[in-house]
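Participant:
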Amino acid sequence: MIYTAIDTFYLTDEQLENTPSRKDGIDEATETTLRIYGCDLIQESGILLKVPQQVMATGQVLFHRFYCKKSFVRFNVKRIAASCVWLASKLEENPRRARHVLNVFHRMECRRENLPIEHLDAFSKKYTELKMDLIRSERHLLKEMAFICHVEHPHKFISNYLATLETPPELTQEAWNLANDSLRTTLCVRFKSAVVACGVVYAAARRFHVPLPENPPWWKAFDADKSGIDEVCRVLAHLYTLPKAQYIPVCKEGGSFTVSNRSWDSPSQPLPKESQVIDDANINKASAVSVSMSPACVIPESKGGIGKVKDSTKSDDVDEKVEIQSVVPIPVEGESVSKSKERERERERYKRGRDSERERERERDDREKVKDRSHRSKDRGGKDSGLDMVKNQNIILHEIGTITARHIPQGRRTDIDIIRMVNIC
């Protein structure tokens, strides 16, 4: 991952109290619950996708940064969580397919809502819309963060800090678990990762009753202050007192990841979906084909009897469809149906004649290729043709001798074989 010295994603306490979600009428408890719920989705999906812990940690940090600038009312927490996992997997060089991410979140949603687990068809309209929403939400993430997506986790500091302090080995795992739990809170957007690592080490040492040097204070060696460490410990203690986070439907566009298929981008400016455009194009093509295939259809026109219809044909060398203007015989006033049928038959005969001419040309080309190959083989084998003929004659004589020897008595068979072999040689 590329790192930069620009740190524009750390917020103050005053900014966290005036987030866009608070301005939309969401209280602090609801916002905290939705943040924890989204981080739980990211953690669980990362386990199912079999990605490293670093990918899940990066996704949770991106999730918190996004909702510090956008509201839970406007953007669905479930779809943003899916986009954070997808983007984090690419940032940490462990990419996963969009199809796998959507399948995992679809399965998790069915399990959490006690719904029957159904297969998400990759060729369905529902899957197409979910994939478009996933791509659109990833663009929102990158746009709001100004493409500054590097993340520094506290995990890399924990091992160095504990090795310097010479603590027991069981303290390392406890500090690691606390660092994972800290990602469910807003500590990653309030303090730098070094301060969070110091707070995690201090909390783990207090839990295992391991004394740390205080004269001089150990945290000064790691560029941290006591107030920041105390705040980290307080937030972690408050996190463990909360119940399991449940989804709260506050988004205007609906909360279900599996049922709601509408785009949540902008209610006032809905974007056309690709699947809808494809369906409309298919309907228009089907209607055009039905009009051209009906022999007795009549198109009302002004004093003209013939209408022009677009007919799609395939070329022999190119598989692309090319639309051309062709005149379709349509019966008008004064003409009988039999004449229109005769015209259609003439058209078919003309087409068949063209096809037969093409087949004849292909047969001629094949014959010429065969002739060229035969001439080349004769030129190559002209020198050795005499030797090949002698070898073939000797082989034939040897086979005749062995066949006739089968019908000769046992006493004379050996002599005849010897004579035949001498003649062949």
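Counting in the UniProt record's numbering, the sequence shown runs from 1 upward without gaps.
Built from N, CA and C at the ideal position, the CB exists for glycine as well.
Remember, it's a predicted structure, so these values are computed and weren't measured experimentally.
Is it right to say residue 267 is buried, meaning 16 or more other beta carbons lie within 10 angstroms of its own, or is it exposed?
Facilitator: The residue labelled residue 267 in the question sits at position 267 within the sequence shown. Confidence at residue 267 is low in this model, with a pLDDT of 37, below 50, so its placement is unreliable and the value that follows should be read with caution. When all chains shown are included, residue 267 counts as exposed.
Participant: Enumerate, from N- to C-terminal direction, the unbroken alpha helix (DSSP H) stretches of 4 or more residues contained entirely within the segment 59 to 134.
Facilitator: 77 to 91 and 98 to 112
Participant: So who's on the other strand from residue 249, going by DSSP bridges?
Facilitator: Counting from 1 along the sequence shown, the entry for residue 249 is found at position 249. According to the DSSP secondary-structure assignment, residue 249 is paired through a beta bridge with no residue.
Participant: Sorted by chain position, which residues of the same chain lie with C-beta nearer than 7 Å to residue 157's C-beta, five sequence neighbours on each side aside?
Facilitator: If you number the sequence shown from 1, residue 157 lands on position 157. Answer for residue 157: 193, 194 and 197, listed in chain order.
Participant: Determine the extent of the alpha helix (DSSP H) in which residue 201 is found, giving its start and end residues.
Facilitator: Residue mapping note: residue 201 aligns to position 201 of the sequence shown, counting from 1. Unbroken alpha helix (DSSP H) run through residue 201: 193 to 208.
Participant: Beta-carbon separation of residue 38 and residue 80 under 8 Å?
Facilitator: In the sequence shown, counting from the first residue as 1, residue 38 sits at position 38. In the sequence shown, counting from the first residue as 1, residue 80 sits at position 80. Yes.
Participant: Over the uninterrupted alpha helix (DSSP H) stretch that includes residue 175, give me the two end residues.
Facilitator: One-based indexing of the sequence shown puts residue 175 at position 175. Residues 170 to 182.
Participant: Residues in its own chain within less than 6 Å of residue 191 by CB, not counting five upstream and five downstream?
Facilitator: Position 191 of the sequence shown, counting from 1, holds the residue named residue 191. Once the five neighbours on either side are set aside, the close Cβ partners of residue 191 are 228.
Participant: For residue 74, which residues of its own chain have a beta-carbon under 6 Å away from its beta-carbon, when the five flanking residues on both sides are left out?
Facilitator: Here residue 74 is taken as the residue at index 74 of the sequence shown, counted from 1. Excluding residues within five positions, none has a Cβ falling inside 6 Å.
Participant: Taking all protein chains shown into account, do 16 or more other C-beta atoms lie within 10 angstroms of the C-beta of residue 76, making it buried, or fewer, making it exposed?
Facilitator: Position 76 of the sequence shown holds residue 76. Answer is buried; the Cβ neighbour count reaches 16.
Participant: Decide if the segment 128 to 139 is in contact with the segment 80 to 90; the criterion is three or more beta carbon pairs, one per stretch, under 8 Å apart.
Facilitator: yes
Participant: Taking residue 214 as part of the alpha helix (DSSP H), name the residues at either end of that continuous run.
Facilitator: Reading the sequence shown from its first residue, position 214 is the one you call residue 214. That residue, residue 214, is in no alpha helix (DSSP H); it is neither H nor E in DSSP.
Participant: Indicate whether residue 69 and residue 20 have their beta-carbon atoms separated by less than 8 Å.
Facilitator: Here residue 69 refers to the residue found at position 69 of the sequence shown. Here residue 20 refers to the residue found at position 20 of the sequence shown. Contact: yes.
Participant: Among residues of its own chain, excluding the 5 on either side of residue 138, which ones have a beta-carbon nearer than 6 Å to its beta-carbon?
Facilitator: Within the sequence shown, the letter at position 138 stands for residue 138. For residue 138, where only same-chain residues beyond five positions count, the Cβ hits under 6 Å are 83 and 87.
Participant: State the Cα-Cα distance for the pair residue 187 and residue 102, rounded to the nearest angstrom.
Facilitator: Within the sequence shown, the letter at position 187 stands for residue 187. Within the sequence shown, the letter at position 102 stands for residue 102. Approximately 29 Å, taken between the alpha carbons.
Participant: Taking the alpha carbon of residue 239 as the reference point, which residue from 22, 33, 12 and 15 has its own alpha carbon closest?
Facilitator: Taking the sequence shown and counting its residues from 1, the one referred to as residue 239 is at position 239. Residue nearest to residue 239 within the set 22, 33, 12 and 15 is 33 (criterion: CA-CA distance).
Participant: Around the C-beta of residue 47, are 16 or more other C-beta atoms found within 10 angstroms, so that it is buried, or is it exposed?
Facilitator: For the purposes of this step, residue 47 is taken as the residue at position 47 of the sequence shown. Exposed, by the Cβ-count rule.
Participant: Suppose the cutoff is 6 Å on Cβ atoms and the five residues either side in sequence are ignored; what does the same chain contact list for residue 61 look like?
Facilitator: In the sequence shown, the residue the question calls residue 61 occupies position 61. Cβ within range, chain order: 151 and 188.
Participant: Helix, strand or coil, according to DSSP, for residue 190 in the structure here?
Facilitator: Working through the sequence shown from its first residue, we reach residue 190 at position 190. DSSP places residue 190 in coil when its eight states are reduced to three.
Participant: Please report the residue range of the alpha helix (DSSP H) in which residue 20 lies.
Facilitator: In the sequence shown, the residue the question calls residue 20 occupies position 20. According to the DSSP assignment, residue 20 belongs to the alpha helix (DSSP H) that extends over 20 to 23.
Participant: What does the alpha-carbon distance come out to for the pair residue 154 and residue 9?
Facilitator: Here the question's residue 154 lines up with position 154 in the sequence shown. Here the question's residue 9 lines up with position 9 in the sequence shown. About 16 Å.
Participant: Given this structure, state the Cα-to-Cα distance separating residue 248 from residue 95, to the nearest angstrom.
Facilitator: Counting from 1 along the sequence shown, the entry for residue 248 is found at position 248. Counting from 1 along the sequence shown, the entry for residue 95 is found at position 95. Rounded to whole angstroms, residue 248 to residue 95 spans 30 Å at the Cα level.
Participant: Is the beta carbon of residue 250 sitting closer than 8 Å to the one on residue 105?
Facilitator: Looking up residue 250 in the sequence shown gives position 250. Looking up residue 105 in the sequence shown gives position 105. Contact: no.
Participant: For a test of the three-state rule: what should DSSP assign to residue 150, helix, strand or coil?
Facilitator: Here residue 150 corresponds to residue number 150 of the sequence shown, with the count starting at 1. Correct three-state label for residue 150: coil.
Participant: Let me know if residue 159 comes out buried or exposed under the rule of 16 or more other beta-carbons within 10 Å of its beta-carbon.
Facilitator: Here residue 159 is taken as the residue at index 159 of the sequence shown, counted from 1. Classification of residue 159: exposed, given that the 10 Å Cβ count is below 16.
Participant: Could you tell me which of 35, 50, 234 and 54 sits nearest to residue 63, measuring between CA atoms?
Facilitator: As a first step, residue 63 must be located in the sequence shown, where it is residue number 63. Of the candidates 35, 50, 234 and 54, the one whose C-alpha sits nearest the C-alpha of residue 63 is 35.
Participant: Excluding sequence positions up to five away, which residues of its chain have a Cβ less than 8 Å from the Cβ of residue 213?
Facilitator: One-based indexing of the sequence shown puts residue 213 at position 213. So the list reads 165, once near-sequence residues are dropped.
Participant: Beta-carbon within less than 6 Å of residue 14's beta-carbon, same chain only, minus the 5 sequence neighbours each way: which residues are those?
Facilitator: Taking the first residue of the sequence shown as 1, we reach residue 14 at position 14. No residues qualify anywhere along the chain.
Participant: If you draw a straight line from the C-alpha of residue 51 to the C-alpha of residue 16, how long is it?
Facilitator: Numbered from its first residue, the sequence shown carries residue 51 at position 51. Numbered from its first residue, the sequence shown carries residue 16 at position 16. Answer to the nearest angstrom: the Cα atoms are 31 Å apart.
Participant: Around the Cβ of residue 246, are there at least 16 other Cβ atoms within 10 angstroms (buried) or fewer (exposed)?
Facilitator: In the sequence shown, the residue the question calls residue 246 occupies position 246. Looking at its Cβ environment, which holds fewer than 16 other Cβ atoms inside 10 Å, residue 246 is exposed.
Participant: Closest to residue 56 by CA distance: which of 115, 109, 184 and 208 is it?
Facilitator: Residue numbering aside, residue 56 sits at position 56 when the sequence shown is read from its first letter. For residue 56, the closest of 115, 109, 184 and 208 by C-alpha to C-alpha distance is 184.
Participant: Is the CB-CB distance between residue 179 and residue 200 below 8 Å?
Facilitator: Position 179 of the sequence shown holds residue 179. Position 200 of the sequence shown holds residue 200. Going by C-beta atoms, residue 179 is nearer than 8 Å to residue 200.
Participant: Taking 8 Å as the threshold (C-beta atoms), are residue 41 and residue 108 in contact?
Facilitator: The sequence position of residue 108 within the sequence shown is 108, counting from 1. The sequence position of residue 41 within the sequence shown is 41, counting from 1. Yes, Cβ-Cβ distance for residue 108 and residue 41 is below 8 Å.
Participant: With 16 other CB atoms within 10 Å as the buried threshold, where does residue 92 fall?
Facilitator: Residue 92 sits at position 92 when you count from the first residue of the sequence shown. When all chains shown are included, residue 92 counts as buried.
Participant: For residue 224 and residue 203, I'd like the C-alpha separation in whole angstroms.
Facilitator: Here residue 224 refers to the residue found at position 224 of the sequence shown. Here residue 203 refers to the residue found at position 203 of the sequence shown. Going from the Cα of residue 224 to the Cα of residue 203 covers about 15 Å.
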